[in-house]
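J.:
Residue numbers (our numbering): -17 to 324.
1. Can you give me the Cβ contacts of residue 226 inside the same chain, cut-off strictly under 8 Å, excluding the 5 residues immediately before and after it?
2. Hey, how far is the Cα of residue 193 from the Cα of residue 138?
3. Across which residues does DSSP place residue 153 in a beta bridge pair?
4. Per DSSP, what kind of secondary structure is residue 76 in: helix, strand or coil?
5. Which residues does DSSP pair with residue 82 in a beta bridge?
6. What residues are listed by DSSP as bridge partners for residue 352?
7. For residue 355, is the classification buried or exposed, using 16 other Cβ atoms within 10 angstroms of its Cβ as the cut-off for buried?
8. Based on the DSSP output, what are the partners of residue 177 in its beta bridges?
9. Between the beta-carbon of residue 243 and the beta-carbon of residue 117, is there less than 9 Å?
10. Determine the closest residue to residue 36 out of 16, 81, -6, 96, with distance taken between C-alpha atoms.
11. Please confirm if the region 130 to 145 is in contact with the region 224 to 239, defined as three or more CB-CB distances below 8 Å between the two stretches.
12. Measure the CB-CB distance between residue 249 and residue 61 and report whether it falls below 9 Å.
13. Could you spell out where the alpha helix (DSSP H) holding residue 238 opens and where it closes?
14. Run the CB neighbour count on residue 303, radius 10 Å, all protein chains shown included, and call it buried at 16 or more, exposed below.
15. Out of 181, 198, 196, which one is the CA nearest neighbour of residue 190?
16. Within a Cβ cutoff of 6 Å, which residues of the same chain sit near residue 262, ignoring the five residues on either side of it in sequence?
17. Compute the Euclidean distance between the alpha carbons of residue 253 and residue 49, then round it to the nearest angstrom.
18. Comparing C-alpha positions only, which one of 94, 115, 300, 98 sits nearest to residue 221?
19. Pick out whichever of 310, 212, 234, 241 has its Cα sitting closest to the Cα of residue 42.
20. Helix, strand or coil: which one does DSSP assign to residue 188?
21. Could you name the residues of the same chain whose beta carbon sits closer than 7 Å to that of residue 23, not counting the 5 residues immediately before and after it, in chain order?
22. Look at the alpha carbon of residue 14 and the alpha carbon of residue 281, and state the distance between them as a whole number of angstroms.
23. Check residue 159 in the structure and name its three-state DSSP category.
24. Can you list, in chain order, the residues of its chain whose CB lies under 6 Å from that of residue 210, leaving out five sequence neighbours each side?
Written out as structure tokens, the structure reads:
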């Protein structure tokens, strides 16, 4: 259970609408204090606003797991304190007495902070392959979770994870017993979902990789939702066919529900700068047996075994924003097919 909001150790200010946490360290990760603050705020219907200087970066797990609630933002104080802005979108912000909120111009539209796009040359930006994978295991006593996470790390980064935990930094080794340890931890928490953080080796021949996984018990089985970032050596994402082959091997090992693969600019260690680092672009979408059976008008490549056929839809090379429209068209086709089946 999280602490009561007034006693959460990481909070600096609580208002009627948000809980504010101020951090000044090179990288803000998914710490126990931050997780406690978010849980306490959500329980009382408040957003969380993380306030940092402009030189701070966010870990990939923190960026992807924390900033979804109402009024929840990464608030960045520009150098000199002249302005505040949203570190994920660049929207200019101001304090309204209860929270940091977007500044709007005379036309009612939001304004973009100048610091969001300032001096991009000084940033060490690399292409980061980003994977959102949801897979399903049978609800059996013998089932071990973490297999999807390990396969994705191994195939996309060049080596398995080296550690896992329930926060950042991780504090448990990823070894031959990791699957049993992960599973035992999730069993103790069930039916509550379990959030796990995972990190790769980043040694010679292994690309920097970080991620998280949520394990959930569902009526259809045990689901593992993996969010993984793999930093590439340069500005180019990996070959789309190679990515498809990896997802195909994942489909051979476990039942896919959905897998979305994209690329975005981020730091060489997968962390996020509070600056514009280029537009993200999709690479492909895999959908599992149920959706693959429905089919869409978009051409797909079959993956997975005959007993649970899945489908891969190539969307682009990860460098083009307009390819997101192709993803939207594909999802609308899947939804329409689902409704017609019903």
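The beta-carbon is built from N, C-alpha and C at its ideal position, and this holds for glycine as well.
T.: The structure says:
1. Here residue 226 has 266, 283, 285, 294, 296 as same chain residues with Cβ atoms under 8 Å from its own Cβ, once five neighbours each way along the sequence are excluded.
2. As the crow flies, the alpha-carbon of residue 193 is around 12 Å from that of residue 138.
3. Paired residues: none, contrary to the question.
4. In this structure, DSSP gives residue 76 an extended state, which the three-state scheme calls strand.
5. 77
6. As displayed, the chain neither begins before -17 nor continues past 324, which places residue 352 out of reach and without an answer.
7. Given a span of -17 to 324 for the chain in the structure shown, any question on residue 355 remains unanswerable.
8. 196
9. Going by C-beta atoms, residue 243 is not nearer than 9 Å to residue 117.
10. Selected option, being the one with the closest Cα: 96.
11. yes
12. no
13. From DSSP, residue 238 is part of no alpha helix (DSSP H) but of the beta strand (DSSP E) over 237 to 249.
14. Exposed.
15. Comparing Cα-Cα distances from residue 190 to each of 181, 198, 196, the minimum goes to 181.
16. 244, 246
17. 15 Å
18. 300
19. 212
20. Residue 188 falls in the coil class under three-state DSSP.
21. Sequence-distant partners of residue 23 (beyond 5 residues in either direction) whose C-beta falls short of 7 Å from its own C-beta, in its chain, are -13, 1, 29, 30.
22. Each residue's alpha carbon lies about 45 Å from the other.
23. coil
24. 113, 134, 193
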